[in-house]
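Residue numbers (this note's numbering), protein chains in the order written: chain A, 4 to 159; chain B, 4 to 159.
All remarks here apply to the structure that follows.
2 protein chains.
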Amino acid sequence: MAIDHLDGRLIALLAREPRIGVLEASRRLGVARGTVQARLDRLQSNGVIRGFGPEVDPAALGYPVTAFATLEIKQGQGADVREHLAGVPEVLELHTTTGHGDMLCRLVARSNADLQRVIDRVVGFDGIVRASTAIVMENPVPLRIIPLVEQAASEE
Amino acid sequence: MAIDHLDGRLIALLAREPRIGVLEASRRLGVARGTVQARLDRLQSNGVIRGFGPEVDPAALGYPVTAFATLEIKQGQGADVREHLAGVPEVLELHTTTGHGDMLCRLVARSNADLQRVIDRVVGFDGIVRASTAIVMENPVPLRIIPLVEQAASEE
DNA sequence: CCATCCACTGGTCGGATTGCCCAGTCCCCG
DNA sequence: CGGGGACTGGGCAATCCGACCAGTGGATGG
Chain A
4 MAIDHLDGRL IALLAREPRI GVLEASRRLG VARGTVQARL DRLQSNGVIR GFGPEVDPAA
64 LGYPVTAFAT LEIKQGQGAD VREHLAGVPE VLELHTTTGH GDMLCRLVAR SNADLQRVID
124 RVVGFDGIVR ASTAIVMENP VPLRIIPLVE QAASEE
Chain B
4 MAIDHLDGRL IALLAREPRI GVLEASRRLG VARGTVQARL DRLQSNGVIR GFGPEVDPAA
64 LGYPVTAFAT LEIKQGQGAD VREHLAGVPE VLELHTTTGH GDMLCRLVAR SNADLQRVID
124 RVVGFDGIVR ASTAIVMENP VPLRIIPLVE QAASEE
């Protein structure tokens, strides 16, 4: 499993300018096109790069409010709760965490008022004992990966 | 701000198979190529689609452990804390939330032991009063957007 | 020290796709 | 009823993609 310095530069380049093709990337990186192709193939089969899906902004879709909800689950109801939450479109991700056999999920809503509806729908399920919600006010560091990639590339 | 049914199908299609081009997409959707191009242009200038950056898997980079840390900040130290956390590569995202004037951040680490190092680095800063960490065990719902897109498209 | 393996280079090839243009049609809205 | 917007279907040159190949350099292992 590689991730050498060239891989790091390639990923960073693609993150900055996703639209450029293999040819242009090889020019920028100063290597042959075949090299870039080989690296990309390897990174993708490695699973380092999962894909190049579109990044959709929930706010632009009409869901400008983000919140994180911590859920307390009734013993043995984990699977049911997972299934229930997977069926709620406003649940963007769900994690089970240490702590209290709890779960943490990311929610979006159309407004603060709409958030109430979403939360009601989320917690309106038998397996969920209690929920505590934190509404996101600001997002000083949006989801990012480049710094980590660069660290991994330099440590190698 | 649009997001009609065709937009929804287009986004879903691109999410499922990001490698297909405009031409292939137009074939799948049963519309003219120019239409797909126009829709894509609009979605991107709308900001609905932010871009097509590579999705990098931290686990494949050697950081298989994910955690969420809730931070309690000393009054008036917000800006400094933000800057500090932005400089830590293992901090993948950072939010300020309601609740206790707190922050929530997503961390990754090489191992549970390494997580201790990361947390020490995160909280080893004057403005941070207290931190509570939840380690992610499972991720039943990975970050997703399609269900929301489909809901937005059908409601329109 | 030598043979081997591997990654990279620099080049070519045909096929496919892209970005851009256009005229014509349809349909909604004022 | 007229106009504007969106979509269609077509065409154009330029570009890029994926694949392939021989040659080279460095690292590895015997």
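Glycine is no exception: its CB is placed at the ideal position from the N, C-alpha and C atoms.
- Within chain B, the residues placing a beta-carbon under 9 angstroms from that of H98(A) are T69, F71, A137, V139, M140, E141, N142, P143, V144, ordered along the chain.
- According to DSSP, S135(B) shares a beta bridge with T73(B).
- With a contact defined as Cβ atoms closer than 8 angstroms, A18(A) and P57(B) qualify at about 6 angstroms.
- Residue pairing of D105(A) in beta bridges, as defined by DSSP: T100(A).
- Under the 10 Å beta carbon count, E93(B) is surrounded by 16 or more other beta carbons and is classified as buried.
- For R45(B), the enclosing alpha helix (DSSP H) starts and ends at 36-49.
- Residue environment analysis places S29(B) among the buried positions, since at least 16 neighbouring C-beta atoms fall within 10 angstroms of its C-beta.
- Distance check between G127(B) and each of L26(B), D44(B), G65(B), G90(B) places G90(B) closest, using alpha-carbon atoms only.
- Interface with chain B (8 angstroms Cβ-Cβ cutoff): R133(A) is excluded.
- Residue pairing by DSSP places E141(A) opposite T99(B) in a beta bridge.
- The beta carbon of R12(B) lies closer than 8 angstroms to those of L32, A156 in the same chain, with the five residues before and after it left out.
- At the C-beta level, M140(A) and T100(B) come within 8 angstroms of one another.
- Counting along the chain, G33(A) sits inside no alpha helix (DSSP H), nor does DSSP assign it H or E at all.
- Around the CB of G65(A), 16 or more other CB atoms lie within 10 Å, so the residue is classed as buried.
- For a cut-off of 8 angstroms, the C-beta gap from L74(B) to A134(B) is around 5 angstroms, short enough to register as a contact.
- Counting of Cβ neighbours within 10 angstroms places P61(A) among the buried residues, the total reaching 16 or more.
- Interface residue (Cβ-Cβ distance to chain B less than 8 angstroms): E93(A) is classified as such.
- R45(A) does not reach chain B, its nearest Cβ partner there being about 11 angstroms away, counting only Cβ pairs nearer than 9 angstroms.
- When the beta-carbon positions are compared, V125(B) and L88(B) come within less than 8 angstroms of each other.
- Beta bridge pairing from DSSP links A112(A) with V68(A).
- If you draw a straight line from the Cα of Q78(A) to the Cα of G102(A), it comes to about 14 angstroms.
- With a threshold of 8 angstroms between beta carbons, E58(B) makes contact with chain A.
- Per DSSP, I6(B) lies in no beta strand (DSSP E) and is assigned neither H nor E.
- Close partners of R147(A) in chain B (Cβ separation under 8 angstroms): L95, E96.
- In this chain, the beta strand (DSSP E) harbouring G54(B) covers 52-54.
- Using a Cβ distance threshold of 8 angstroms, Q40(B) and V51(B) do not count as a contacting pair.
- When the alpha-carbon of D129(A) is set against those of S48(A), E86(A), L46(A), the nearest one is in E86(A).
- For Q80(B), the nearest beta carbon of chain A is not closer than 8 angstroms to its own beta carbon.
- F128(A) has a beta carbon lying at 8 angstroms or more from every beta carbon in chain B.
- Per DSSP, the unbroken alpha helix (DSSP H) holding L88(B) starts and ends at 81-89.
- Burial is judged here by how many other beta carbons sit within 10 angstroms of a residue's own beta carbon; A72(B) has at least 16 and is buried.
- A direct Cα-Cα distance of roughly 10 angstroms separates Q119(A) from T136(A).
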